[in-house]
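>
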Amino acid sequence: MRVKIVTDNCCDLPVELIDRYGIKMVHMLVSFGDRTFQPGELSTNSFYEMMASSHVLPTTSQPTMEEMRSVYEECLADGSEVIAIHLSSGMTGTVQAAEMVRDTLPGRERLTVIDSLKASAGEGLLVLEAARMAESGRARNEIVDEILKLRAKLRCVFTINTLEYLVKGGRLSRAKGLVGSMLDIKPILWVNPQGYIEPIDKVRGRKSAIRRLVRMVEEMGRDLQGQTVGISHAMCPEDAARFRDVFVNEFKAGEVIMGEIGPVVGSHVGPGTLAIFFYGEELGNNNHR
10 MRVKIVTDNC CDLPVELIDR YGIKMVHMLV SFGDRTFQPG ELSTNSFYEM MASSHVLPTT
70 SQPTMEEMRS VYEECLADGS EVIAIHLSSG MTGTVQAAEM VRDTLPGRER LTVIDSLKAS
130 AGEGLLVLEA ARMAESGRAR NEIVDEILKL RAKLRCVFTI NTLEYLVKGG RLSRAKGLVG
190 SMLDIKPILW VNPQGYIEPI DKVRGRKSAI RRLVRMVEEM GRDLQGQTVG ISHAMCPEDA
250 ARFRDVFVNE FKAGEVIMGE IGPVVGSHVG PGTLAIFFYG EELGNNNHR
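For reference, each letter of the sequence shown is one residue, going 10 to 298 in the numbering used here.
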């Protein structure tokens with residue numbers, strides 16, 4: 010039986026891969042003040058320009074239940090089985106909403122909802138692997154089992170370029186933000202096994218931050234040679250390209266998926282964010298979907 014893959018627009022996969030594998034999409038939305046932007050209305054570049062000039066921090070909203078119901082029903086209508094992989098439940102209520110919608114649908118026994126416990130290309134790598142397995146004819150239960158194994162090994166580490174948006178978002182005091190900016194402090198963060206963002210280090214200067222990310226790949230990565238890895242960036246393509254070279258030349262990665270951090274994830278981290286995704290040892294509870 011055919012297996013279809015559904016995700017959301019936080020996966021930050023390149024459009025050509027979304028189209029190539031027929032991946033279906035539901036959409037989280039971004040608002041500035043009273044204006045909410047519908048899918049396709051706001052380019053990534055325009056979003057970051059607005060973010061830099063606005064005194065108001067953008068807000069996000071999860072996909073509507075109506076859209077999720079419509080997309081799931083469309084996928085199920087021809088008898089296909091469906092796997093929906095969504096943004097981490099540690100960052101949004103999308104997974105919980107998806108499960109609620111699933112439980113109301115005819116054919117719900119053919120729909121599996123998976124919590125990616127990741128964001129951006131971390132979510133995207135799981136979606137891509139699921140889509141490739143579906144195309145190769147793997148059964149839904151086999152794909153789900155494999156994605157849960159990969160999820161437990163997938164690492165996400167990243168640095169942000171400015172503390173401004175942590176201050177605006179209330180995650181950091183204005184005084185600490187001012188001192189940090191004066192000292193050119195660059196936080197190093199990761200997404201933990203429960204799907205929450207945690208700071209794990211801080212360094213002075215952008216170059217030191219990128220070097221620290223390289224060391225983290227060395228320390229946390231396992232069997233990097235031949236891996237499919239990911240890089241997501243917010244308006245820093247040069248840094249992303251340099252890290253791609255590190256993945257290929259130093260770690261011998263087999264495939265590097267590169268993409269821009271879209272407005273939904275970008276609203277929380279700001280321009281200049283560089284995020285790295287790769288596989289290491291298994292962590293966390295692998296039984297949670």
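Heads up, the beta-carbon is just placed ideally off N, CA and C, and yes, glycines get one too.
Give me the Cα-Cα distance between TYR30 and ILE270, rounded to the nearest whole angstrom.
Roughly 20 Å between the two C-alpha positions.
> Which residues does DSSP list as the beta-bridge partners of LEU283?
According to DSSP, LEU283 bridges with THR168 and HIS242.
> Three-state secondary structure (DSSP) at GLU90?
Reduced to three states, the DSSP call for GLU90 is strand.
> Locate the alpha helix (DSSP H) running through SER62, then write down its first and last residues.
From DSSP, the alpha helix (DSSP H) with SER62 extends over 53-62.
> Within the continuous beta strand (DSSP E) that includes ILE266, where are the two ends?
Start and end: 264-269.
> Could you round the C-beta distance between ILE152 and VAL278 to whole angstroms and report it? I think they count as a contact, below 8 Å.
Their Cβ separation, rounded to whole angstroms, is 30 Å, which puts ILE152 and VAL278 out of contact at 8 Å.
> Going residue by residue through the stretch 98-138, where are the continuous alpha helix (DSSP H) segments of at least 4 residues, counting only ones entirely within it?
The stretch 98-138 contains these whole alpha helix (DSSP H) runs: 103-111.
> Find out if the Cβ-Cβ distance for the pair LEU198, ILE285 is shorter than 8 Å.
Their beta carbons are not under 8 Å apart, which means LEU198 does not touch ILE285 by this criterion.
> In whole angstroms, what separates the C-alpha of GLY289 from that of LEU163?
So the alpha carbons of these two residues sit roughly 6 Å apart.
> Is the beta carbon of MET37 closer than 8 Å to that of VAL273?
Yes. Within cutoff.
> Output the distance between the C-alpha atoms of SER85 and ILE156, rounded to the nearest integer angstrom.
Checking the displayed sequence, the identity of residue 85 turns out to be Leu instead of Ser. Answer to the nearest angstrom: the Cα atoms are 21 Å apart.
> Taking ILE123 as the reference, which of PRO115, ARG141 and ASN150 has the closest Cα?
Selected option, being the one with the closest Cα: ASN150.
> By a C-beta neighbour count over all protein chains shown, 10 Å radius and 16 as the cutoff for buried, is GLN234 buried or exposed?
The residue is exposed, with fewer than 16 neighbouring Cβ atoms inside 10 Å.
> Measure the Cβ-Cβ separation of LEU292 and PRO202 and say whether it is below 8 Å.
Yes. Within cutoff.
> Strictly by DSSP, which residues pair up with PHE41?
Bridge partners of PHE41: ARG44.
> SER89 to GLN71, Cα distance in whole Å?
For SER89 and GLN71, the distance between alpha carbons rounds to 25 Å.
> Relative to the alpha-carbon of VAL39, which residue among PRO23, VAL226, VAL24 and MET59 has its alpha-carbon at the smallest distance?
Cα-wise, what sits closest to VAL39 is MET59.
> Under 7 Å Cβ to Cβ from VAL265, same chain only, skipping five residues before and after it: list those, please.
VAL238, ILE240, ARG253, PHE256 and VAL257, listed in sequence order.
> Assuming GLU207 is part of the beta strand (DSSP E), what are its boundary residues?
From DSSP, the beta strand (DSSP E) with GLU207 extends over 206-213.
> Measure the C-alpha to C-alpha separation of GLY268 and LEU26 and round it to an integer number of angstroms.
Distance between the alpha carbons of GLY268 and LEU26: 11 Å.
> With a CB to CB cut of under 8 Å and the five nearest residues on each side skipped, what residues in its chain are close to ASN18?
Cβ within range, chain order: MET34, VAL35, HIS36, MET37, PRO48, GLY271 and VAL273.
> Quick one: grab the DSSP three-state call for LEU26.
LEU26: helix per DSSP, three-state reduction.
> For LYS195, which residues does DSSP report across the bridge?
The partner list for LYS195 (beta bridge, DSSP) reads VAL212.
> Going by alpha carbons, who is nearest to ILE206 out of GLU259, HIS242 and PHE167?
That would be PHE167, whose Cα lies nearest to the Cα of ILE206.
> Compute the distance between the beta-carbons of ILE94 and VAL12, then report whether it is under 8 Å.
No. Outside cutoff.
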